[in-house]
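All remarks here apply to the structure that follows.
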Amino acid sequence: MHSRSRNLPDTWGRPWRMRRRKQQDLVFCHNNLSMNNVIVDLGTLKIKAIVDWEYAGFYPPEFEFPFYQRPGSSVALDGEVDDFDLLTRMISDDEDCGTRSL
Numbered sequence: 001m002h003s004r005s006r007n008l009p010d011t012w013g014r015p016w017r018m019r020r021r022k023q024q025d026l027v028f029c030h031n032n033l034s035m036n037n038v039i040v041d042l043g044t045l046k047i048k049a050i051v052d053w054e055y056a057g058f059y060p061p062e063f064e065f066p067f068y069q070r071p072g073s074s075v076a077l078d079g080e081v082d083d084f085d086l087l088t089r090m091i092s093d094d095e096d097c098g099t100r101s102l
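Just so we're aligned, residue 1 is where the sequence shown starts under UniProt numbering, counting upward by one.
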């Protein structure tokens, strides 16, 4: 699996300014939900745990859902639009709505 953060520019030590949203409809997202992060009981096939929560948080509804509508990694494949710039603008533009230090 590919990490979503591997293509992000180096932001270590710089705060991220969040854009003020016109709508307040945020949803809780895991942001790294892959089969490697779901622990399943082999006897019952029931989910025992979900791990790797460091990217989790409250995000706009459109932030995570599209990643699970396609097969493969989160990296843009041939013929797909690379939304890296769009996602970067979502988290670091215009009005300051709080900061997050990395």
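Don't be surprised by glycine CBs; every beta carbon is placed ideally from N, CA and C.
Can you tell me which of the three DSSP states Phe-63 falls into? coil
Roughly how many angstroms separate the alpha carbons of Asp-52 and Lys-22, rounded to a whole number? Asp-52 and Lys-22: Cα-Cα distance of roughly 30 Å.
Between the beta-carbon of Ala-56 and the beta-carbon of His-30, is there less than 8 Å? yes
Report the three-state DSSP secondary structure of Arg-89 (helix, strand or coil). helix
If you draw a straight line from the alpha carbon of Leu-77 to that of Phe-58, how long is it in whole angstroms? 27 Å
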